[in-house]
Amino acid sequence: MTKKSELELRIDELQILAIETFGTKTMADAWLHKENFALGATPISMAESESSLEEVKKVLSAISYGGVV
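Just so you know, the numbering used here puts 4 at position 1 of the sequence shown, and the rest follows in order with no gaps.
Next up, the structure:
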């Protein structure tokens, strides 16, 4: 069994948060792979760095709680 890379762990974390936010894996995946105006990229591509991942988490939190980014 191989150990997951940091990138794979960040992607897993992001997918879990997106599913919690949108309710289904299908909706989460659609959001993660669509260009996001607020982020300037696809959310999934931003998992490459911890700081970018934090920006995606902020957007997901805003969606969940009706706030602004």
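In this text, a Cβ means the ideal position worked out from N, Cα and C, and glycines have one as well.
Residue i and residue j closer than 8 Å at C-beta
i	j	result
Leu42	Ala50	no
Ser38	Ala44	Note on identity: in this sequence residue 38 is Glu, with Ser being the wrong assignment. In contact: Glu38 and Ala44 (Cβ atoms closer than 8 Å).
His36	Ile19	no
Thr24	Ile66	yes
Residues that DSSP places opposite residue i in a beta bridge
i	result
Ala44	Asn39
Residue of the options minimising C-alpha distance to residue i
i	options	result
Val62	Thr29, Arg13, Ala21	Ala21
Ser54	His36, Arg13, Thr27, Ser67	Arg13
Leu17	Ala33, Val59, Glu9	Val59
Glu9	Thr29, Phe40, Ser52	Ser52
Range of the contiguous alpha helix (DSSP H) that encloses residue i
i	result
Ser64	53 to 68
Thr24	9 to 25
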